[in-house]
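Undergrad: Going by the numbering used here, the sequence shown opens with residue 69, and the numbers climb by one from there. Structure in structure tokens, see below.
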Amino acid sequence: MSEQEILAFDKADAIVDVPTHYCPGCQHGIAHRLAGELLSEMGLTEETLLVTSIGCSVFLYNYLAVDSVEAPHGRAPAVATGVKRARKDRFVLSYQGDGDLASIGMAEIMHIANRGEKVSIIFVNNTVYGMTGGQMAPTTMEGQKTTTSPNGRDPMKEGQAIKMAEIIAQLGGTAYSARVALNNVKNIRKAKKAMKKAFEVQQKGLGFGFIELLATCPTNWRMTPVQANERVESEMIPYFPLGVYKDVTAED
69 MSEQEILAFD KADAIVDVPT HYCPGCQHGI AHRLAGELLS EMGLTEETLL VTSIGCSVFL
129 YNYLAVDSVE APHGRAPAVA TGVKRARKDR FVLSYQGDGD LASIGMAEIM HIANRGEKVS
189 IIFVNNTVYG MTGGQMAPTT MEGQKTTTSP NGRDPMKEGQ AIKMAEIIAQ LGGTAYSARV
249 ALNNVKNIRK AKKAMKKAFE VQQKGLGFGF IELLATCPTN WRMTPVQANE RVESEMIPYF
309 PLGVYKDVTA ED
């Protein structure tokens with residue numbers, strides 16, 4: 069490298085060098101990069117078994133250079149349980165969206181956490197079903213308009229948006245549960261640190277690790293990427309507060 073050439077950063081070995089399928093402004097790509105960087109930095113690339121589910125989250129197997137299994141809709145935690153129990157020597161990572169994890173997969177996520185399976189799950193919360201047309205999700209916020217709630221979510225009919233990080237933190241087998249956001253550089257840096265902690269509790273055999281990422285979906289929100297980032301800050305974070313909700317390593 070010449071004196072004029074400066075390498076800002078290099079590609080992590082766990083990240084596949086291909087364009088993503090995501091819409092402009094979608095933050096799944098940021099989540100992928102954080103996961104890939106950590107797998108590389110922690111020396112986990114060759115040890116990782118990835119489980120993806122249905123929705124935009126399924127594309128992760130195209131972007132991480134690890135062995136992977138695709139689970140039926142919502143069943144990634146159940147599949148991840150089987151994978152981990154069959155291969156206790158491997159690092160098992162699951163990646164799910166909010167429509168997948170908090171709706172059809174609600175039973176699976178609750179039980180994997182309660183059992184304390186030594187698995188790490190990344191949960192992307194963009195308050196809407198992304199891939200299938202922008203329908204109302206369990207995390208859709210009060211008044212938010214979607215294709216199935218054109219007048220806005222009515223809590224008297226559909227209830228309030230579900231706060232998963234808090235729920236998971238209450239279950240006995242959970243070793244780590246936190247919520248972070250991907251809307252600015254400061255929060256992205258915090259997200260990587262939290263994701264690393266969720267990975268570490270699995271490495272240490274302490275139990276279940278859960279990391280919730282507040283992310284944008286400009287296409288289904290019908291916003292520009294800039295507007296979508298502003299919505300995360302002004303609407304999502306006040307309702308879904310960022311922070312660590314359980315960390316057994318801090319309790320020692």
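Built from N, CA and C at the ideal position, the CB exists for glycine as well.
So what's S136 in DSSP terms, helix, strand or just coil?
TA: It is a strand residue.
Undergrad: Just to confirm, are L112 and T120 a CB contact at a threshold of 7 Å?
TA: Result no, Cβ atoms of L112 and T120 do not sit closer than 7 Å.
Undergrad: Expressed to the nearest angstrom, what Euclidean distance is found between the alpha-carbon atoms of G167 and E73?
TA: Their Cα atoms are separated by approximately 44 Å.
Undergrad: Using C-beta distances below 7 Å, list every residue in its chain close to G97, excluding the 5 sequence neighbours before and after it, in chain order.
TA: T88 and Y90, listed in sequence order.
Undergrad: So what's K186 in DSSP terms, helix, strand or just coil?
TA: It is coil, neither helix nor strand.
Undergrad: Helix, strand or coil for I321 per DSSP?
TA: There is no way to answer for residue 321, as the model of the chain reaches only from 69 to 320.
Undergrad: Report the residue from K156, L161 and Q203 whose alpha carbon sits nearest the alpha carbon of G123.
TA: Residue Q203 is the option with its Cα nearest to G123.
Undergrad: So what does DSSP say about F267, is it helix, strand or coil?
TA: F267 falls in the helix class under three-state DSSP.
Undergrad: Would you kindly check if the distance between the Cβ of F308 and the Cβ of L282 is under 7 Å?
TA: Yes. Within cutoff.
Undergrad: Suppose you measure from the CA of M232 to the CA of A249; what does that come to, to the nearest Å?
TA: Straight-line Cα distance between these residues: approximately 14 Å.
Undergrad: Between which two residues does the alpha helix (DSSP H) harbouring R101 extend?
TA: Per DSSP, R101 belongs to the alpha helix (DSSP H) from H96 to E109.
Undergrad: Looking only at its own chain, which residues have a Cβ that is under 6 Å from the Cβ of C285, when we skip the five neighbours before and after it?
TA: These residues qualify, in order along the chain: N194, V196 and G198.
Undergrad: Tell whether a beta-carbon distance below 7 Å holds between F276 and A243.
TA: Yes, the Cβ-Cβ distance between F276 and A243 is below 7 Å.
Undergrad: Expressed to the nearest angstrom, what Euclidean distance is found between the alpha-carbon atoms of V134 and I279?
TA: For V134 and I279, the distance between alpha carbons rounds to 20 Å.
Undergrad: Tell me which residues share the same chain as K260 and place their Cβ nearer than 6 Å to its Cβ, disregarding the 5 neighbours each side in the sequence.
TA: L102.
Undergrad: Which same chain residues, not among the five before or five after N219, have their C-beta less than 8 Å away from its C-beta?
TA: Result list for N219: K213, in chain order.
Undergrad: Quick one: using the 10 Å Cβ neighbour count with 16 as the cut-off for buried, is N252 buried or exposed?
TA: Under this definition N252 is an exposed residue.
Undergrad: Tell me, please, which residues DSSP counts as bridged to L161.
TA: Looking at the DSSP assignment, L161 forms a beta bridge with L118 and S188.
Undergrad: If I measure Cβ to Cβ from H100 and keep anything under 8 Å in the same chain, skipping five residues before and after, which residues do I get?
TA: Correct list, in chain order: I83, T88, L128, Y131 and L132.
Undergrad: Look at A148 and V160 and say whether their C-beta atoms are less than 7 Å apart.
TA: Cβ atoms of A148 and V160: closer than 7 Å.
Undergrad: For the alpha helix (DSSP H) that contains V147, what are its first and last residues?
TA: Start and end: A144 to A154.
Undergrad: Starting from the C-beta of L53, find all residues in its chain whose C-beta is less than 6 Å away, skip the five residues before and the five after it, and write them out in chain order.
TA: Not covered by the structure: residue 53. The range shown for the chain is 69 to 320.
Undergrad: Of the choices F267, R257, V187 and E301, whose alpha-carbon is the least far from that of A154?
TA: Considering only alpha carbons, the answer is V187.
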